[in-house]
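Student: Protein chains in written order, with the working numbering: chain C, 596 to 846; chain S, 29 to 313. Even glycine gets a Cβ: it sits at the ideal position worked out from N, Cα and C.
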Amino acid sequence: MPLKLEAKNLNFFYGNEQVLFNNNLPVEEKKITAVIGPSGCGKSTFLRVCNRIFELYRNQRAEGELLLDGVNVLLPEVDVLELRRNVGMIFQKPTPFPMSVFDNVAYPLKLHFKLSRRETFDRVEQALRGASLWDEVKDKLKTSGLALSGGQQQRLCIARAIAAEPEVLLMDEPTSALDPLATSKIEELMVELKKRFTIMVVTHNMQQAARISDATAFFYKGVIVEHGTTTKIFTNPANRKTEEYITGRFG
Amino acid sequence: MQKKKLFWRKLANHIFRFFSLLAVLLATTAMLVIVTHVIRAGSKALSLNFFLNPSKPYGMPDSGIANALLGSIMITLGAALLATPPAICAGICLSEFRDRPKITAALRFSANVMMGMPSVLVGLFVYTLIVVPSGHFSGLAGSVALAIIMFPVVMRTTEDMLDMVPYALREASLAIGMTRTHTTLRIVCRSARKGLITGILLALARVSGETAPLLFTALFADSWPKDYFSGPTPNMPVLITEYSTNSPFAAMHQAGWGAALVITVLVLTLNIGTRIMFREKRHAT
Ligand SMILES: Nc1ncnc2c1ncn2[C@@H]1O[C@H](COP(=O)(O)OP(=O)(O)OP(=O)(O)O)[C@@H](O)[C@H]1O
Ligand SMILES: [Mg+2]
């Protein structure tokens, strides 16, 4: 299987405090990779390196390599806007823009492509269908994205993220703010989406990781203690810490 | 032991509550006394002609406030036009460069100084800066003075409103490949726009009653405000001062109260209206 993403000796610092230590992680194409570990171990930080969103803050710094299709995207000469078009992100709390449902999804399209109105509309519909939201919002495309329910807002954000046809989707606890029904909808959606995208998802829910992911990486205090196929990690972990964590003995 | 401690704590609590209540009572009574007095004294002056006629020289009958009202609107709107764009930009700068104190410190410091400056000083400043060199009073000079007072107020509310926009929204915007500038202008300002408008309108309400800065700049005239750029321009606050302190005529004292009532009602309407209209609604765009 080809690698889509690969971290090599990745270190991360908040100011002087190092929180990721020599992370090495291969991420296979069109698979779901679950990132698990106790709170504060650096899962979100790892994801935030992948699209360089951490650069918004001046004192945050990454060292090492993060290869996307073999190219180190941490190098300053890599166009960060293009990188972010390629690597979409979904946050824990839904983050719809303060505009209509339609505009939320059309925004990234206008940003990155020159499309006619017709084409834009088609691609918005496509993205909303892709996020299993079309049927619920097709009659209220003009209403504010903020007026949707939490689960709908999260799927709207997924639609927005996939509209620009990225290759990788980063999801940071995408269902932790949602009820079980909305959660299972998003889980189904992720399994559907992995046909087209490489997905990395942070989750605190072991059942969720076991249900939907193909590979799992276990983080502990900024170190990737163990990674491998989900089956292997969940049935026969090599490391004692991993076993303790997935059986719920700490964390 | 325990009981005694509890007793003192309760007592302290009661004393504190007593004084808080007293403060609330004092503040509201003062407000009510002022407003009722203005209404009582001012309502006698109100008539249709009072609203339609311009002011007239001392002692002439049938004078009104129409010219002053119009002049005041021109001066305050002028101030808003002058102050708002730079104030919003400065507020954005403060909020967006929060983690770069070197850039923001100077701006913040000068805004604080400006906020604390007595408005009469602002009037004098504009007087020496514009009125003296140009050789004439003008409504525009009045606008400049009010704009200087508005600037820090609008800047600070802009900063506060933008700070209230969650960082997650900025990140979400950057995450789809928007630039920083684009994110600020199209997403952050957009989600804060109600707050921004509220800030501007409240600052307007606040400066529309300022008198001292206008005494040195717009001054007053019994004419219609056609000389906004080149001559003394009638306005409400100075009209009130003139009528109620400089005139020997009882009718003019009364007209002064009438004008005070009108401006009070206008400012209160603007203030309360703004607060109601733009009250935070969670689910609106
Ligand atoms: N903005 C920040 N400034 C300084 N330190 C931070 C910042 N954000 C996170 N950290 C620290 O970095 C470490 C990793 O944080 P991170 O958010 O990546 O953890 P996480 O695994 O996502 O945790 P959770 O499961 O609670 O979301 C933590 O020790 C945290 O205290
Ligand atoms: Mg996290």
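List, from N- to C-terminal side, the beta strand (DSSP E) runs of 3 residues or more that fit wholly inside the segment 774–840 of chain C.
Tutor: Entirely contained in the segment 774–840 of chain C, the beta strand (DSSP E) runs reaching 3 residues are, in chain order, 793–797, 810–815 and 818–824.
Student: For residue 217/S, count neighbouring Cβ atoms within 10 angstroms of its own Cβ and tell me buried if that reaches 16, exposed if not.
Tutor: buried
Student: Considering only DSSP beta bridges, list what residue 695/C is partnered with.
Tutor: 739/C
Student: Would residue 815/C and residue 632/C be called neighbours here (beta carbons separated by less than 8 Å)?
Tutor: In contact: residue 815/C and residue 632/C (Cβ atoms closer than 8 Å).
Student: In chain C, which residues lie less than 8 Å from residue 207/S when you measure between Cβ atoms?
Tutor: 676
Student: State yes or no: is the beta carbon of residue 311/S nearer than 8 Å to at least one beta carbon in chain C?
Tutor: Low per-residue confidence applies at residue 311/S: pLDDT is 45, beneath 50, and the placement is therefore not dependable, though the value from the model is reported in the following sentence. By this cut-off, residue 311/S is an interface position.
Student: I'd like the ranges of any alpha helix (DSSP H) spanning at least 4 consecutive residues and lying wholly in the segment 46–114 of chain S.
Tutor: 76–80
Student: Can you tell me the Cα-Cα spacing of residue 208/S and residue 180/S, whole angstroms?
Tutor: 25 Å
Student: If we count the other Cβ atoms within 10 Å of its Cβ and call it buried at 16 or more, is residue 748/C buried or exposed?
Tutor: buried
Student: Near residue 313/S, what residues of its chain come up, given a Cβ to Cβ distance below 6 Å and the 5 sequence neighbours on each side ignored?
Tutor: Model confidence at residue 313/S stands at a pLDDT of 44, short of 50, so the residue's coordinates are unreliable; what they give is reported in the following sentence. The answer is none, since no qualifying residue turns up.
Student: Please state the DSSP three-state secondary structure of residue 664/C.
Tutor: coil
Student: Are the C-beta atoms of residue 215/S and some chain C residue less than 8 Å apart?
Tutor: yes
Student: Ordered along the chain, which non-local residues of its own chain (more than five positions away) have a Cβ less than 8 Å from that of residue 613/C?
Tutor: 606, 607 and 817
Student: For the alpha helix (DSSP H) containing residue 195/S, name the first residue and the last one.
Tutor: 195–203
Student: Within 8 Å (strictly less), CB to CB, does residue 136/S reach chain C?
Tutor: no
Student: Please report how far the alpha carbon of residue 797/C lies from the alpha carbon of residue 615/C, in whole angstroms.
Tutor: Each residue's Cα considered, the two are about 15 Å apart.
Student: Pick helix, strand or coil for residue 847/C, following the three-state DSSP scheme.
Tutor: Given a span of 596 to 846 for chain C in the structure shown, any question on residue 847/C remains unanswerable.
Student: Look at residue 106/S and residue 253/S and say whether their C-beta atoms are less than 8 Å apart.
Tutor: no
Student: On a Cα-Cα basis, can you pick out the residue from 771/C, 795/C and 732/C that is closest to residue 625/C?
Tutor: 795/C
Student: With 8 Å as the threshold, decide whether the Cβ of residue 822/C is near any Cβ in chain S.
Tutor: no
Student: Less than 8 Å between CB atoms is the rule here; does residue 651/C satisfy it with respect to chain S?
Tutor: yes
Student: List the endpoints of the continuous beta strand (DSSP E) containing residue 764/C.
Tutor: From DSSP, the beta strand (DSSP E) with residue 764/C extends over 763–767.
Student: What did DSSP end up calling residue 299/S once you bin it into helix, strand or coil?
Tutor: helix
Student: Nearest-angstrom Cα distance between residue 283/S and residue 182/S?
Tutor: Roughly 33 Å separates the two Cα atoms.
Student: Can you check which of these residues, 110/S, 97/S and 251/S, is closest to residue 290/S by C-alpha distance?
Tutor: Comparing Cα-Cα distances from residue 290/S to each of 110/S, 97/S and 251/S, the minimum goes to 97/S.
Student: Measuring CA to CA, which of 126/S, 292/S, 210/S and 95/S is closest to residue 237/S?
Tutor: 292/S
Student: Using the three-state DSSP reduction, which class does residue 656/C fall into: helix, strand or coil?
Tutor: strand
Student: Quick one: Cα of residue 192/S to Cα of residue 275/S, how far?
Tutor: Going from the Cα of residue 192/S to the Cα of residue 275/S covers about 50 Å.
Student: Could you name the residues of chain S that residue 611/C contacts, counting a contact when the two beta carbons are closer than 8 Å?
Tutor: Chain S residues near residue 611/C: none, gap ~16 Å exceeds 8 Å.
Student: Ligand 1 and residue 822/C: does any heavy atom of the ligand fall closer than 7 Å to the residue's C-beta?
Tutor: no
Student: In chain C, which residues lie with their C-beta within 8 Å of the C-beta of residue 198/S?
Tutor: 651
Student: Please confirm whether any heavy atom of ligand 2 lies closer than 7 Å to the CB of residue 638/C.
Tutor: Result yes, Cβ under 7 Å from ligand 2.
Student: Is residue 684/C helix, strand or coil when you go by DSSP?
Tutor: strand
Student: Residue 127/S versus chain C: which residues are under 8 Å apart at the beta carbon?
Tutor: Near residue 127/S (Cβ distances below 8 Å), the residues of chain C are 652, 653 and 654.
Student: What runs of the alpha helix (DSSP H), each 4 residues or longer, lie entirely inside the segment 109–188 of chain S?
Tutor: 129–144 and 147–154
Student: At the level of alpha carbons, what is the spacing between residue 318/S and residue 699/C?
Tutor: Any answer about residue 318/S is impossible in this case: the structure gives chain S only from 29 up to 313.
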